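Trainee: Residue numbers (my numbering): 29 to 115. Once you've had a glance at the structure underneath, I'll fire off some questions.
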């Protein structure tokens, strides 16, 4: 897996999207959108990028929607689980 920027290295929204993707695919147990948001907040401390919580939730939701449609993430009742990509 590639190195994903965090902290003060998050300079734009694309860096943020890459971080969200990395956080989702690094989950080894069931998670919800709020968990990803909390991790995102932690990993963007020190970033000069100012993005609202609502926008972050929108980006997380968009990413999860895409990954669910591709079958990389499974959702049941708002709880997500990443599929084993190395089957």
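Backbone N, C-alpha and C fix where the C-beta goes; we use that ideal spot for every residue, glycine too. All values derive from a computational prediction rather than experimental measurement.
Given residue 72, which residues of its chain have a CB within under 6 Å of its CB, disregarding the five upstream and five downstream residues?
Mentor: As a first step, residue 72 is located in the chain shown; it is residue number 44 there, counting from the start. Result list for residue 72: 38, in chain order.
Trainee: What span of residues does the alpha helix (DSSP H) with residue 97 cover, start to end?
Mentor: Taking the chain shown and counting its residues from 1, the one referred to as residue 97 is at position 69. Unbroken alpha helix (DSSP H) run through residue 97: 81-98.
Trainee: For the candidate residues 32, 45, 82 and 61, whose alpha-carbon lies nearest to that of residue 108?
Mentor: What you label residue 108 is simply residue 80 of the chain shown in a count that begins at 1. Of the listed residues, the one whose Cα sits closest to residue 108 is 61.
Trainee: Is it true that the segment 44-62 meets the segment 78-98, where meeting means three or more beta-carbon pairs spaced less than 8 Å apart?
Mentor: The segment 44-62, when compared against the segment 78-98, does touch it at the 8 Å Cβ threshold.
Trainee: Might you give, ordered along the chain, the residues of its own chain that have their beta carbon closer than 8 Å to the beta carbon of residue 115, omitting 5 neighbours on each side?
Mentor: If you number the chain shown from 1, residue 115 lands on position 87. At residue 115 the pLDDT is 49, less than 50, meaning the model places this residue with poor confidence and gives no usable figure here.
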